[in-house]
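K.L.:
Take this structure, written in structure tokens, and hold onto it; I'll ask about it next.
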């Protein structure tokens, strides 16, 4: 019982991308974040930009969701979209040609 009474604190892993924590990445402007990416991703963003319509839908769904509950699913056909930090916590339904596959964007599954 001595082991149970000590009650160790649970330590969560902190995620970094090129020296920045996730919270700091959220504060960066798009240009600053794009400068951190590798050349292929920078080229893609320079040619096509960030899909702001989809990112804004995801941000709004996250804001509208109650704390502790998952946000509503946003359906999309964009299978090759690069995940940006503002999308973390969202739920996407990605179309695979037959149906929608549920993708939960977590820190560990992002591009970062």
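In my numbering, the protein residues as written are 278 to 389. Ideal Cβ positions, reconstructed from N, Cα and C, are used throughout, including at glycine. Keep in mind it's a predicted model, so treat the numbers as computed, not measured.
Residue 293 by DSSP, collapsed to three states: which one?
P.N.:
Position 16 of the chain shown, counting from 1, holds the residue named residue 293. Strand at residue 293.
K.L.:
Whole angstroms are fine: how far does the CA of residue 332 sit from the CA of residue 318?
P.N.:
As a working mapping, residue 318 is identified with position 41 in the chain shown. As a working mapping, residue 332 is identified with position 55 in the chain shown. Residue 318 and residue 332: Cα-Cα distance of roughly 17 angstroms.
K.L.:
Hey, residue 367 and residue 378 are a contact pair by Cβ (cut 8 angstroms); roughly how many whole angstroms apart?
P.N.:
Taking the chain shown and counting its residues from 1, one reaches residue 367 at position 90. Taking the chain shown and counting its residues from 1, one reaches residue 378 at position 101. With a Cβ gap of about 14 angstroms, residue 367 and residue 378 do not count as contacting.
K.L.:
Check whether the region 292 to 303 and the region 353 to 366 are in contact - that is, three or more C-beta pairs closer than 8 angstroms.
P.N.:
Yes, the region 292 to 303 touches the region 353 to 366.
K.L.:
With which residues is residue 311 paired in a DSSP beta bridge?
P.N.:
Your numbering for residue 311 matches position 34 in the chain shown. In DSSP, residue 311 forms no bridge with anything.
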